[in-house]
Every structure is written in structure tokens, then in C-alpha cells.
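Participant: Using this note's numbering, the first residue of the sequence shown is number 19, and each one after it goes up by one.
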Amino acid sequence: MTAEAVKPGHDEFFLMTPPVFRFAPSPNGYLHLGHAYSALLNFDRARESGGRLLLRIEDIDTTRCRPEFEAAVYEDLAWLGIDWETPVRRQSEHLADYRAALDKLSALGLVYPAFESRAEIAKLVSAREADGPWPRDPDGAPLYPGESKSLPADARARLIDSGAPYALRLDMAVACRRVGGLTWNELGEGPDGEHGTVPARPEAWGDVILARKETPTSYHLSVVVDDALQGVSEIVRGQDLFHATAVHRLLQVLLSLPEPAYRHHRLICDSEGQKLSKSSGSTGLHALRAAGITPAGIRRLVGLG
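(1) Tell whether a beta-carbon distance below 7 Å holds between residue 183 and residue 122.
(2) Look at the Cβ atom of residue 286, then the Cβ atom of residue 51, and state whether they are nearer than 7 Å.
(3) Grouping DSSP H, G and I as helix and E and B as strand, with all else coil, what is residue 302?
(4) Closer than 8 Å is the cut-off here; do at least three beta carbon pairs connect the stretch 231 to 246 with the stretch 101 to 115?
(5) DSSP three-state call for residue 46: helix, strand or coil?
(6) Could you pull the start and end residues of the alpha helix (DSSP H) that residue 85 belongs to?
(7) Go through the stretch 146 to 197 residue by residue and report every complete run of the alpha helix (DSSP H) that reaches 4 residues or more, in order.
(8) Any idea if residue 282 is buried or exposed, counting beta-carbon neighbours within 10 angstroms, 16 or more meaning buried?
(9) Which whole-angstrom value describes the C-beta separation of residue 108 and residue 75, a residue pair presumed to lie in contact below a C-beta threshold of 8 Å?
(10) Please state if the CB of residue 200 and the CB of residue 267 are separated by a distance shorter than 7 Å.
(11) My guess is that residue 216 and residue 208 are in contact by the Cβ rule of under 8 Å, so how many angstroms apart are they, rounded?
(12) To which residues does DSSP link residue 41 through a beta bridge?
(13) Would a C-beta distance cut-off of 7 Å place residue 104 and residue 202 closer than the cut-off?
(14) Assign residue 80 to buried or exposed, taking buried as 16 or more other Cβ atoms, counted over all protein chains shown, within 10 Å of its Cβ.
(15) Flag this pair as yes or no: are the beta carbons of residue 65 and residue 132 separated by less than 7 Å?
(16) Helix or strand or just coil, what does DSSP make of residue 104?
(17) Can you look up residue 227 in the DSSP assignment and give me helix, strand or coil?
(18) Would you say residue 235 and residue 116 are within 7 Å of each other, going by their C-beta atoms?
(19) If I follow the unbroken beta strand (DSSP E) through residue 283, where does it start and stop?
(20) Is residue 36 helix, strand or coil when you go by DSSP?
(21) Roughly how many whole angstroms lie between the Cα atoms of residue 118 and residue 179?
(22) With 16 other CB atoms within 10 Å as the buried threshold, where does residue 195 fall?
(23) At the level of alpha carbons, what is the spacing between residue 77 and residue 237?
(24) Would a C-beta distance cut-off of 7 Å place residue 82 and residue 60 closer than the cut-off?
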């Protein structure tokens with residue numbers, strides 16, 4: 019990924035071109051009403067503003083993403099009356115872009131390998147909680163408690179050469195000191211009514227994972243790189259990703275990428291008030307279509323009239 023490719027620092031470029039929106043599902047299950055709501059919002063925003071709508075397939079997780087789910091994405095969106103620009107960007111075809119971004123962060127001294135397994139991390143958290151609550155990120159997961167960051171370079175090299183699995187983590191404290199205060203422009207609304215200029219607090223996430231030995235990127239890294247390379251100027255997505263925006267803003271600044279605007283929307287929940295998942299068969303678009311629901315009916319179900 020070159021500096022010329024993403025035009026770093028050219029935020030004013032967004033003001034001179036039609037706005038660009040994107041819908042970016044993972045093909046690890048069938049789309050449900052929540053996906054329909056987000057896709058329709060992006061489609062409507064693009065149409066109303068004279069902008070462009072892109073479709074991106076986030077298929078990095080090769081163990082869960084399947085061709086039939088990807089095919090169903092295209093079918094369901096077309097049935098809803100949504101059209102998008104082609105070609106569609108599939109993340110699995112652009113691993114070199116994420117590697118280039120990771121290499122840049124590594125060159126800044128911001129990335130280190132952590133060798134603890136998930137089970138070992140759980141044990142470390144449990145041990146530390148004997149002395150009181152251990153801090154957790156906005157999603158409720160415990161912050162990384164390991165000591166891999168302090169390993170000498172030769173010890174790290176030996177572990178990697180031995181074939182030990184590892185995760186590449188961002189040194190959050192050093193990264194935050196490097197960039198200083200961060201904000202983002204919220205056009206929608208956060209879970210607590212946040213709007214306008216929102217302070218970003220990436221430190222709340224601890225040393226997030228940027229890649230793994232067997233997976234050359236993470237959601238946080240790939241989404242930031244993709245949005246920049248595709249020129250996305252307004253990101254419309256659910257409130258469940260509101261707090262993750264802090265990490266994305268940090269990575270944008272570290273990688274000298276343009277800053278888009280964000281529009282977080284309410285979530286579509288089930289009868290018990292829980293966020294929908296792809297296992298929610300009763301709210302899956304396939305099932306609703308089979309039951310005779312029309313695209314107009316889907317719009318009514320999600321409150322778009």
C-alpha cells in the first residue's frame with residue numbers, strides 16, 4: 019500500500035467528490051433483518067446524496083466463510099432492490115494491502131507478537147482478578163494481561179522460529195502517546211446519544227490484535243485499510259461498532275489515512291431485546307422471503323416505511 023494510493027491527508031478530497039458508502043457483510047451465514055436495515059440505509063443515503071454504494075465481502079475468516087453464503091448476499095440484496103458498483107472487493111484477494119499496513123506499523127515499533135493461547139489468557143485474567151476486577155474493553159472482553167511485550171527480541175525470535183502460534187498486537191500505550199488526542203465526526207448517534215465531535219478513547223481496548231500467525235489481518239486493520247483504498251467517505255453501520263471507531267481512528271492516523279465521517283444507527287433486536295445474529299432463523303431474509311414477505315414489507319419491519 020503506497021502513500022499515493024490512499025492520498026494521505028487529503029480529507030478535503032471527500033468534499034469535492036460524490037460521497038462513497040459501503041455495505042460490508044461477512045459471508046459466514048445468511049443475512050438477517052439487521053443486515054437489511056444497514057444495507058438499505060447505505061443504499062438510501064447514497065441515492066439521496068448522489069453518491070456511490072460499494073459492496074465489500076469481508077471473507078478473511080476462511081473457516082466460517084462459505085461460497086454459498088456469499089452467493090446468498092448478492093441474491094438477498096438484489097431482491098431488496100439494492101444495486102452496487104462492481105467489481106466487488108473481496109478481502110481474501112487483497113492480503114498484500116493489509117501486510118503493507120502491518121509492516122508500516124511494525125516499522126514504527128508499534129507491533130509485537132504475543133504467544134499466549136486463549137486458554138492461557140483466560141487463566142492469567144482469572145489469577146489477576148484474585149486481587150480485584152481486571153479491566154475489560156467496551157465489548158466486555160478482558161484486556162490483554164500477558165507479558166509478551168516485555169520479551170527480549172532474541173526470545174521472540176526463538177519462539178517464532180520454533181513454530182509457536184502467536185498474535186500480533188498493537189502496543190496501545192505507545193500508539194496513543196504517538197498521536198495524542200483523537201476525535202471523530204458522528205453524523206448518527208451513539209448508544210448514549212453521542213453526536214457531533216466525539217472523543218475517541220482507543221486505550222479502552224488495550225493491546226488489540228492486528229493479525230495472527232495464520233491470518234494476516236484482523237477486522238480492525240482490514241476495515242481501515244479497505245475504507246481508505248476504496249475512498250469511503252461516510253461509514254454507515256450499527257451502534258455495536260460505535261466504540262470500535264476509536265481504534266479505527268487511531269489506525270487511520272498512524273497509517274496517514276483520510277478520516278471519513280461516521281453514522282452509527284440503531285440495532286434491530288429480537289423480541290427479547292437482543293441483537294440479531296445469523297443464527298436467528300426467524301429473522302433471516304431467506305426465511306422471510308419464503309414466508310411471502312416482500313421487499314416493501316422488509317422496509318416496514320425495520321422501520322423504514
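Where a beta carbon is used, it is the ideal one built from N, C-alpha and C, also for glycine.
In this text, all values refer to a predicted model and were calculated from it rather than measured experimentally.
Facilitator: According to the data block:
(1) no
(2) yes
(3) strand
(4) yes
(5) coil
(6) 85 to 97
(7) Runs of the alpha helix (DSSP H) inside the stretch 146 to 197: 171 to 179 and 190 to 197.
(8) buried
(9) In this structure residue 108 is in contact with residue 75, their Cβ atoms being roughly 5 Å apart against a cut-off of 8 Å.
(10) yes
(11) Your pair residue 216 and residue 208 checks out as a contact, with CB atoms roughly 7 Å apart and the cut at 8 Å.
(12) 73
(13) no
(14) exposed
(15) no
(16) strand
(17) Per DSSP, reduced to three states, the secondary structure at residue 227 is strand.
(18) yes
(19) 279 to 283
(20) coil
(21) 22 Å
(22) Residue 195 comes out exposed.
(23) 10 Å
(24) no
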